[in-house]
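Below is one structure, written out as structure tokens; comments come after it.
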Amino acid sequence: MTKLSYKFSHSTVDYYLAYGISHLKEIVSPENTILITDENIFSAHTKRFRNWDTIVLKPGEEYKIQQTVDSIIDELIDKGADRKTTLVGVGGGVITDITGYVASIYMRGIRFGFIPTSILAMVDASIGGKNGIDVDLYKNMVGIIRQPSFILHDMVFLNSLPQSEWENGFAEIIKHACIKDIAMFNELETKTLKHYQGRQKSICELVQRNAVLKSKVVQKDEFETGERKLLNFGHTLGHALENQYELSHGQAISIGMTYACHISEQLTGFKETKRVVNVLEKYHLPTYASFDKEKAFEVLQKDKKKVRNEMSYVLLQKIGKGIVKTIPMDQLKSIIESL
Ligand SMILES: NC(=O)c1ccc[n+]([C@@H]2O[C@H](COP(=O)([O-])OP(=O)(O)OC[C@H]3O[C@@H](n4cnc5c(N)ncnc54)[C@H](O)[C@@H]3O)[C@@H](O)[C@H]2O)c1
Ligand SMILES: [Zn+2]
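For the sequence shown, numbering that gives the first Met the number 0 begins at 0 and goes up steadily by one.
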């Protein structure tokens, strides 16, 4: 069990790493707390929700929308939730994003915490305070930056995590290694997914290392004016492909990272694409894909990272060293067409 605290500009977030949900009652009181989870997690871990008032949502990205927010707010009103209520999102990134968003707008903002249950949510979605929902094809189009009060990891939830979601989460882990941590990249190169799945200690260490890495990046640049942009490695093109082709988030950014390596070759002289592609494939992630380039570019035009006629794009100088480059849209268009 490790307890850490990270101070962000408006608040401090307590991290209870490798703790177990049984410790939740030491952090919040059951009378003033409502858990939000989804059907998959609830049915696999029903016992762990005993004695907690819980709202159970339908699982999946397609429910990360305003309608779900409305239905949660109705339930909160029914349950008499007030300013003293704490919401705790117990789930993957969809649940943490929605819970943080609802908690940020309900009664102009109530306390919230997360118990991430997928690898992706543990190393990424639960950290950094970005909360929000999708609008049509546009992911995370509406939202707010607000930090949770706490994050608690219970590694036992991972026992029921489907194989595809392990792979999904490792895409973000590989992303972190690419932009910031060559030593972790070297480790990932020598290990396999099976290794981490079979060893509680290894996965625990890897998850913590990634949670700390992301927290430090966010701490330096909470409102994404510089360093935090690095976390978008693979995400620009990835998001443009994600809904269009019904890829998982991890698959989409894996393809996005592959092409970002190729764009890096053209713009920074990056020379290690093959190594990145090999690691992605080692963790069962897709790399090269045929996609409708014109359509992808059309979606890119709506990307939040586009400012006037330029797009901030995360590239690699070398493995472990990501950089942000501003690329004029017409140049980006011709690079994408040439991929
Ligand atoms: N806020 C951020 O900074 C941030 C960062 C990255 C991703 N995200 C968001 O996170 C979402 C993706 O996260 P995700 O992949 O965790 O999504 P998810 O919540 O949809 O979870 C994936 C699937 O795994 C299931 N699941 C999760 N934990 C489980 C467990 N322990 N046992 C059994 N089943 C389990 C879920 O029910 C779901 O079917 C996207 O919406 C993305 O936009 C947000
Ligand atoms: Zn992501």
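A virtual CB, placed ideally from N, CA and C, is assigned to each residue, including glycine.
Query: What is the residue span of the alpha helix (DSSP H) that residue 42 lies within?; Result: 38-43
Query: If contacts are defined as beta-carbon pairs under 8 Å, then residue 114 and residue 87 qualify, I think. What distance do you get, rounded to the angstrom?; Result: 6 Å
Query: Within 10 angstroms of the Cβ of residue 345, are there 16 or more other Cβ atoms? Answer buried if so, exposed if not.; Result: This structure does not reach residue 345, given that the chain is present from 0 up to 338, and the question cannot be answered.
Query: Tell me whether residue 294 sits in a helix, a strand or coil according to DSSP, three-state version.; Result: helix
Query: With a threshold of 6 Å on Cβ separation, who are the neighbours of residue 156 within its own chain once the five nearest residues in sequence on each side are excluded?; Result: 116
Query: With a CB to CB cut of under 6 Å and the five nearest residues on each side skipped, what residues in its chain are close to residue 236?; Result: 255 and 258
Query: For residue 65 and residue 132, what's the separation of their Cα atoms in angstroms?; Result: 7 Å
Query: Can you tell me whether residue 327 is buried or exposed? The criterion is at least 16 other CB atoms within 10 Å of its CB, across all chains shown.; Result: exposed
Query: CB-CB under 7 Å to residue 281, same chain, minus the five flanking residues each way: which ones, in chain order?; Result: 191
Query: Can residue 72 and residue 105 be called in contact, C-beta distance under 8 Å?; Result: yes
Query: By a C-beta neighbour count over all protein chains shown, 10 Å radius and 16 as the cutoff for buried, is residue 134 buried or exposed?; Result: exposed
Query: Hey, which residues come within less than 7 Å of ligand 2, measuring from Cβ to any heavy atom, in chain order?; Result: 123, 171, 234, 248 and 252
Query: Quick check on residue 169: does DSSP put it in helix, strand or coil?; Result: helix
Query: Does the Cβ-Cβ distance between residue 112 and residue 150 come in under 8 Å?; Result: yes
Query: For a test of your reading of the model: does the CB of residue 138 fall under 7 Å from any non-hydrogen atom of ligand 1? Yes or no.; Result: yes
Query: Per DSSP, which residues does residue 147 bridge with? Please list them.; Result: According to DSSP, residue 147 bridges with nothing at all.
Query: Could you tell me whether any non-hydrogen atom of ligand 1 is closer than 7 Å to the CB of residue 182?; Result: no
Query: Quick one: using the 10 Å Cβ neighbour count with 16 as the cut-off for buried, is residue 310 buried or exposed?; Result: buried
Query: For residue 226, verify whether its CB is less than 7 Å away from any heavy atom of ligand 1.; Result: no
Query: So the beta strand (DSSP E) residue 309 belongs to, where does it begin and stop?; Result: 309-317
Query: For residue 16, write down the residues that DSSP places opposite it in a beta bridge.; Result: 1
Query: Give me the Cβ distance between residue 213 and residue 175, rounded to the nearest whole Å; I'm assuming they're in contact under 8 Å.; Result: 7 Å
Query: Tell me which residue opens and which closes the alpha helix (DSSP H) that residue 222 is part of.; Result: That residue, residue 222, is in no alpha helix (DSSP H); it is neither H nor E in DSSP.
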